[in-house]
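Novice:
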Amino acid sequence: MYIVVSHCNSHFWLQRVKMLSTLQPPRSLSHFRTKPLLLRRHTSLKPLSSLSSQPVTHSTLTDQSQSQILSTRDSLLSRQITAAELAESFLARLRRTEPHLRSFLHVSDAVLTQARDLDDKLRRNEEVGPLAGVLVAVKDNICTAEMPSTAGSRVLEGYTPPYDATAVRKIKELGGIVVGKTNLDEFGMGSTTEGSAFQVTANPWDTTRVPGGSSGGSAAAVSARQSMVSLGSDTGGSVRQPASFCGVVGLKPTYGRVSRFGLMAYASSLDVIGCFGTSVADAGILLHAISGHDRLDATSSKREVPDLASQFVSISLLQSKPLKGLKIGLIRETLDDGVDIGVTSAIRTAALHLEELGCSVTEVSLPSFSLGLPAYYVIASSESSSNLSRYDGLRYGNQVAADELNSQYMDSRAKGFGSEVKRRILTGTYALSAGYYDAYYKRAQQVRTIIRKSFKAALDEHDILISPAAPSAAYKIGEKKNDPLAMYAGDIMTVNVNLAGLPALVLPCGYAEGGSAGLPVGLQMIGAAFDEEKLLGVGHIFEQTLQNCRFVPPLIADEDKPC
Amino acid sequence: MRNGIEAAEYAAEIQRVVRYLGVSNGNMQEGSLRCDVNVSVRPIGQLQFGTKVEIKNLNAFSAVSRAIDYEISRQVLLHSQGQDKEIVQETRLWEEGAQKTVTMRKKEGLSDYRYFPEPDLPGVFLTQDYVDGIHNSLPELPEMKRRRYEKMGLSMQDVLFLANDMNVAEFFDTTIKKGADAKLAANWIMSDIAAYMKNEELSITEVKLSPQELAELIASIKDGTISGKIGKQILFELLAKGGTVKGLIEEKDLVQIVDPAEIEKMVEKVLSENPKQLDQYRSGKTKLQGYFAGQIMKLSKGKANPGLLNKILLEKLNAKS
Numbered sequence: 171m172y173i174v175v176s177h178c179n180s181h182f183w184l185q186r187v188k189m190l191s192t193l194q195p196p197r198s199l200s201h202f203r204t205k206p207l208l209l210r211r212h213t214s215l216k217p218l219s220s221l222s223s224q225p226v227t228h229s230t231l232t233d234q235s236q237s238q239i240l241s242t243r244d245s246l247l248s249r250q251i252t253a254a255e256l257a258e259s260f261l262a263r264l265r266r267t268e269p270h271l272r273s274f275l276h277v278s279d280a281v282l283t284q285a286r287d288l289d290d291k292l293r294r295n296e297e298v299g300p301l302a303g304v305l306v307a308v309k310d311n312i313c314t315a316e317m318p319s320t321a322g323s324r325v326l327e328g329y330t331p332p333y334d335a336t337a338v339r340k341i342k343e344l345g346g347i348v349v350g351k352t353n354l355d356e357f358g359m360g361s362t363t364e365g366s367a368f369q370v371t372a373n374p375w376d377t378t379r380v381p382g383g384s385s386g387g388s389a390a391a392v393s394a395r396q397s398m399v400s401l402g403s404d405t406g407g408s409v410r411q412p413a414s415f416c417g418v419v420g421l422k423p424t425y426g427r428v429s430r431f432g433l434m435a436y437a438s439s440l441d442v443i444g445c446f447g448t449s450v451a452d453a454g455i456l457l458h459a460i461s462g463h464d465r466l467d468a469t470s471s472k473r474e475v476p477d478l479a480s481q482f483v484s485i486s487l488l489q490s491k492p493l494k495g496l497k498i499g500l501i502r503e504t505l506d507d508g509v510d511i512g513v514t515s516a517i518r519t520a521a522l523h524l525e526e527l528g529c530s531v532t533e534v535s536l537p538s539f540s541l542g543l544p545a546y547y548v549i550a551s552s553e554s555s556s557n558l559s560r561y562d563g564l565r566y567g568n569q570v571a572a573d574e575l576n577s578q579y580m581d582s583r584a585k586g587f588g589s590e591v592k593r594r595i596l597t598g599t600y601a602l603s604a605g606y607y608d609a610y611y612k613r614a615q616q617v618r619t620i621i622r623k624s625f626k627a628a629l630d631e632h633d634i635l636i637s638p639a640a641p642s643a644a645y646k647i648g649e650k651k652n653d654p655l656a657m658y659a660g661d662i663m664t665v666n667v668n669l670a671g672l673p674a675l676v677l678p679c680g681y682a683e684g685g686s687a688g689l690p691v692g693l694q695m696i697g698a699a700f701d702e703e704k705l706l707g708v709g710h711i712f713e714q715t716l717q718n719c720r721f722v723p724p725l726i727a728d729e730d731k732p733c
Numbered sequence: 124m125r126n127g128i129e130a131a132e133y134a135a136e137i138q139r140v141v142r143y144l145g146v147s148n149g150n151m152q153e154g155s156l157r158c159d160v161n162v163s164v165r166p167i168g169q170l171q172f173g174t175k176v177e178i179k180n181l182n183a184f185s186a187v188s189r190a191i192d193y194e195i196s197r198q199v200l201l202h203s204q205g206q207d208k209e210i211v212q213e214t215r216l217w218e219e220g221a222q223k224t225v226t227m228r229k230k231e232g233l234s235d236y237r238y239f240p241e242p243d244l245p246g247v248f249l250t251q252d253y254v255d256g257i258h259n260s261l262p263e264l265p266e267m268k269r270r271r272y273e274k275m276g277l278s279m280q281d282v283l284f285l286a287n288d289m290n291v292a293e294f295f296d297t298t299i300k301k302g303a304d305a306k307l308a309a310n311w312i313m314s315d316i317a318a319y320m321k322n323e324e325l326s327i328t329e330v331k332l333s334p335q336e337l338a339e340l341i342a343s344i345k346d347g348t349i350s351g352k353i354g355k356q357i358l359f360e361l362l363a364k365g366g367t368v369k370g371l372i373e374e375k376d377l378v379q380i381v382d383p384a385e386i387e388k389m390v391e392k393v394l395s396e397n398p399k400q401l402d403q404y405r406s407g408k409t410k411l412q413g414y415f416a417g418q419i420m421k422l423s424k425g426k427a428n429p430g431l432l433n434k435i436l437l438e439k440l441n442a443k444s
């Protein structure tokens with residue numbers, strides 16, 4: 171089966187699109203606890219034999235068009251591979267690449283044990299969850315009970331929480347294996363991981379460049395296939411921007427879709443837990459696994475979680491213009507002068523691709539767009555100045571002993587917090603103080619309302635809005651470290667989405683100049699509140715029909731892989 | 124509100140209500156109920172409110188009342204001396220010993236709490252069903268109780284006493300539900316029972332007398348089974364040890380003697396045993412009637428109906444001449 175995709179400069183490429191090994195969406199993904207996935211092979215649809223002579227390999231490095239989660243399940247259940255073999259191959263790659271990347275702050279020593287336990291269960295023909303054998307990396311500001319969780323900060327160095335975050339608990343209940351904790355900018359404050367108290371993570375596409383942040387470790391880990399998928403957090407773009415920089419899929423759910431219980435709070439009205447994957451399908455399946463109301467998070471939504479996994483229809487079932495009728499708005503203010511030419515060009519190409527799929531893409535103006543950045547920094551700093559007061563050296567974390575209580579607070583925080591964190595706490599304290607509250611915090615909240623309304627109006631007229639995820643591709647380590655405002659400016663594409671609480675998906679759509687193989691550029695798709703279904707459906711089709719769809723960084727590109 | 128007593132009464136009513144609702148014990152000494160007040164004065168005719176002063180450290184309703192009255196007079200005095208500018212927005216402490224308000228130690232700067240709306244706590248939306256449910260489950264609140272007692276014809280003093288404590292009110296309500304007369308029940312509760320509770324430092328839920336037995340007691344006196352005096356004795360026993368009225372009457376053989384013939388016998392016996400006093404009475408010492416009455420009552424072990432006793436006694440005394 172062919173999909174004919176026309177390139178913007180009129181080349182016609184015959185694309186053999188790799189079939190997803192499951193055509194019907196697994197029916198019981200919404201009944202995770204009780205039934206195993208029912209997978210059915212659609213045997214009449216095979217890859218064209220003239221273009222493919224490669225059997226399904228046991229390689230753990232799958233290309234982007236396949237869902238690692240689904241193919242893992244398929245391989246395990248059909249006994250083509252064991253969980254231990256799979257885990258071992260990922261761990262080997264992790265060990266090989268870690269000295270170059272430093273994605274992880276902690277690697278679990280229980281991975282093989284858990285994998286073997288799973289293999290035992292499979293041998294006994296016992297039921298296993300839909301994430302069985304899936305290796306998940308978890309950002310270090312998300313609590314894991316048997317692993318240290320530092321939030322990238324000295325104040326929590328050596329701290330092991332007594333409980334799992336709800337998202338982590340759900341992953342484990344469904345059979346997922348947490349492979350380790352990933353590096354981040356301290357407490358989520360930053361865009362490069364240079365704010366981590368411990369190490370800087372490198373971008374797998376060019377190890378002299380940043381992976382993005384604050385979930386840089388989680389993005390790099392997935393990009394370099396050190397784990398299959400990962401969890402991150404997104405307060406102002408911390409999942410989406412690193413996804414763009416590292417050439418992976420990043421999914422930010424609607425605020426309230428995923429419980430924040432166990433996510434160390436930065437800004438409570440903005441924080442969400444998000445997902446990274448090498449495909450839209452994987453990000454969506456992971457999101458489905460962790461979504462849902464949690465009584466331990468009063469802000470988590472009671473809205474039913476739709477079957478997010480059912481969006482991933484095989485391309486072969488699609489008509490020639492599968493997205494016909496879909497109205498897409500390209501946010502005009504995101505393609506202005508401040509954006510790199512490589513990014514603008516990739517986004518415009520993506521827009522054409524969407525049109526080829528049948529969408530109508532029109533430019534839409536959101537005049538309040540640029541107000542989002544200052545509003546975000548006022549609100550986020552203010553909320554963080556309250557949230558981080560709990561790190562006082564008394565309750566948990568590291569203490570600098572002193573003779574007097576106030577000195578203890580001051581010394582513990584002075585020693586424990588990095589400079590970016592201190593900067594934001596000071597900013598937030600100032601913005602909330604008597605005499606300034608109205609001018610800063612209150613104004614920022616009013617701006618937030620305007621932004622929310624303008625997005626809503628735009629999404630009433632369009633199904634999805636699109637923009638870049640960042641104004642440039644990954645920049646050099648050290649380039650913006652000493653210029654916080656320049657770093658903040660990079661968040662312009664992402665913060666408005668957090669202010670409005672909307673869902674957004676970033677997926678790689680092209681390349682910009684740089685590095686040995688180019689630097690990936692991500693397309694951001696923004697949906698209406700709780701409309702992750704639509705985002706995933708469109709994202710999946712976009713991804714599956716994209717030529718040169720493989721975003722594998724050169725660091726691991728030499729490995730054996732199917733095509 | 125305009126003065127200390129109003130405010131104190133209001134606070135006391137809040138305390139009553141929260142105790143009735145069972146949502147707090149309302150104890151000011153324990154901090155379950157706290158009271159800070161704000162006081163300002165303005166000259167009659169001025170529309171704009173004067174500068175308000177906050178007063179803290181009020182640990183009893185009486186302190187609330189006195190502190191407010193003190194502060195009012197302090198501010199009025201300053202006004203009368205043309206020094207009203209000295210009234211500044213501040214927090215003052217009530218000093219119980221000195222019975223006055225004083226300025227708190229001045230702090231370095233404004234207390235800056237840096238409040239902002241808490242994002243971890245979303246708005247709470249109460250459905251009408253929920254509100255209605257609460258409404259329908261409310262107990263009879265103090266105000267309603269007071270009105271109901273008033274309608275029964277009880278005096279204001281009775282009403283306030285009974286409605287003040289939910290347990291006392293319930294005791295009272297149960298007693299009258301058994302048929303006892305409201306006024307009588309109120310009297311028993313407010314006098315003898317209250318005195319016992321105070322002496323023994325017990326609450327009404329701790330005394331061994333049950334409202335059912337109080338009703339029984341009142342009924343027994345009313346129908347003449349026992350005399351009022353015997354009733355008081357029984358009450359004490361019931362309060363201390365419990366038991367039933369009927370049981371005690373039987374056990375101690377307390378049934379009132381109302382048979383005139385029986386009383387007449389006792390009267391004649393006493394008179395015949397006290398000839399000297401009889402002569403004295405006949406010669407004019409009519410006060411001795413009390414003496415005879417006492418002797419007859421003693422003979423009857425307190426069971427003679429007093430009214431009947433005195434009637435027959437008087438007949439006998441005046442008969443022989």
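Line by line, the protein sequences give chains X and W. Each residue of the first sequence is one higher than the one before, counting from 171 in the working numbering. Each residue of the second sequence is one higher than the one before, counting from 124 in the working numbering. We put the beta carbon where it would ideally sit given N, CA and C, even for glycine. From a predicted model like this one, the values you see are computed outputs, not experimental measurements.
Can the beta-carbon of residue 303 of chain X be found less than 7 Å from the beta-carbon of residue 246 of chain X?
Specialist: yes
Novice: Report the three-state DSSP secondary structure of residue 125 of chain W (helix, strand or coil).
Specialist: coil
Novice: Tell me the DSSP secondary structure of residue 416 of chain X in three-state form.
Specialist: helix
Novice: Sort out for me which residues DSSP pairs residue 681 of chain X with in a bridge.
Specialist: X:690
Novice: Where in the segment 333–404 of chain X do unbroken runs of the beta strand (DSSP E), each at least 3 residues long, occur, reported from the N-terminal end onward?
Specialist: 347–352, 399–404
Novice: Nearest to residue 298 of chain X by alpha carbon, out of X:580, X:598, X:343?
Specialist: X:343
Novice: For a test of the three-state rule: what should DSSP assign to residue 177 of chain W, helix, strand or coil?
Specialist: In this structure, residue 177 of chain W counts as strand in the three-state DSSP scheme.
Novice: Rounded to the nearest angstrom, how far is the Cβ of residue 326 of chain X from that of residue 567 of chain X, given a contact under 8 Å?
Specialist: A Cβ-Cβ distance of about 5 Å is found for the pair residue 326 of chain X and residue 567 of chain X, placing them in contact under the 8 Å criterion.
Novice: Going along chain W in order, which residues have a C-beta closer than 7 Å to the C-beta of residue 546 of chain X?
Specialist: By Cβ distance, chain W contributes nothing, its closest Cβ being about 14 Å from residue 546 of chain X, past 7 Å.
Novice: Identify whether residue 440 of chain W lies in helix, strand or coil by the three-state DSSP scheme.
Specialist: Helix.
Novice: Please state the DSSP three-state secondary structure of residue 276 of chain X.
Specialist: strand
Novice: Strictly below 9 Å CB to CB, what residues from chain W border residue 552 of chain X?
Specialist: 237, 239
Novice: With a threshold of 7 Å on Cβ separation, who are the neighbours of residue 441 of chain X within its own chain once the five nearest residues in sequence on each side are excluded?
Specialist: 403, 405, 430, 433, 435
Novice: For the segment 666–685 of chain X and the segment 710–726 of chain X, state whether three or more C-beta atom pairs, one from each stretch, are separated by less than 8 Å.
Specialist: yes
Novice: Please report how far the alpha carbon of residue 86 of chain W lies from the alpha carbon of residue 476 of chain X, in whole angstroms.
Specialist: Nothing in the structure corresponds to residue 86 of chain W, since chain W is present only between 124 and 444.
Novice: According to DSSP, is residue 289 of chain X helix, strand or coil?
Specialist: helix
Novice: Shorter than 7 Å from the beta carbon of residue 252 of chain W to some beta carbon of chain X?
Specialist: no
Novice: Alpha carbons only, please: which of X:460, X:310, X:500, X:526 is nearest the one belonging to residue 490 of chain X?
Specialist: X:526
Novice: Keeping to the same chain, check which residues put their C-beta closer than 8 Å to that of residue 201 of chain W; ignore five residues upstream and five downstream.
Specialist: Counting only Cβ-Cβ distances below 8 Å, and skipping sequence neighbours, we find 207, 209, 210.
Novice: Identify which residue in W:319, W:269, W:350 has its Cα closest to the Cα of residue 363 of chain W.
Specialist: Cα-wise, what sits closest to residue 363 of chain W is W:319.
Novice: Contact criterion: CB-CB distance below 7 Å. Does residue 439 of chain X meet it with respect to chain W?
Specialist: A Cβ of chain W is located within less than 7 Å of the beta carbon of residue 439 of chain X.
Novice: Are three or more beta carbon pairs between the segment 540–551 of chain X and the segment 623–641 of chain X nearer than 8 Å?
Specialist: no
Novice: Determine the DSSP secondary structure at residue 131 of chain W, reduced to helix, strand or coil.
Specialist: helix
Novice: Is it true that the CB of residue 337 of chain W sits closer than 7 Å to the CB of residue 367 of chain W?
Specialist: no
Novice: Counting C-beta neighbours from all protein chains within 10 Å, is the total for residue 124 of chain W 16 or more, i.e. buried, or is it exposed?
Specialist: exposed
Novice: What's the gap between the Cα of residue 636 of chain X and the Cα of residue 498 of chain X?
Specialist: 7 Å
Novice: Kindly say whether residue 405 of chain X, judged by its beta-carbon, lies nearer than 7 Å to any beta-carbon of chain W.
Specialist: no
Novice: Sort out for me which residues DSSP pairs residue 321 of chain X with in a bridge.
Specialist: The partner list for residue 321 of chain X (beta bridge, DSSP) is empty, contrary to what the question assumes.
Novice: Would DSSP call residue 385 of chain W helix, strand or coil?
Specialist: helix
Novice: Nearest chain X C-beta to residue 244 of chain W closer than 7 Å, yes or no?
Specialist: yes
Novice: How should residue 458 of chain X be labelled, buried or exposed, when 16 other C-beta atoms within 10 angstroms of its C-beta is the threshold for buried?
Specialist: By the 10 Å Cβ count, residue 458 of chain X comes out buried.
Novice: Would you call the CB atoms of residue 455 of chain X and residue 239 of chain X closer than 7 Å?
Specialist: yes
Novice: Spatial neighbours of residue 155 of chain W within its chain, please: CB distance less than 7 Å, with the 5 preceding and 5 following residues excluded, ordered by chain position.
Specialist: 147, 148, 149
Novice: Pull up the distance between the alpha-carbon of residue 389 of chain X and that of residue 486 of chain X, whole angstroms please.
Specialist: 30 Å
Novice: Are residue 677 of chain X and residue 419 of chain X closer than 7 Å when you measure CB to CB?
Specialist: yes
Novice: Can you look up residue 260 of chain X in the DSSP assignment and give me helix, strand or coil?
Specialist: In this structure, residue 260 of chain X counts as helix in the three-state DSSP scheme.
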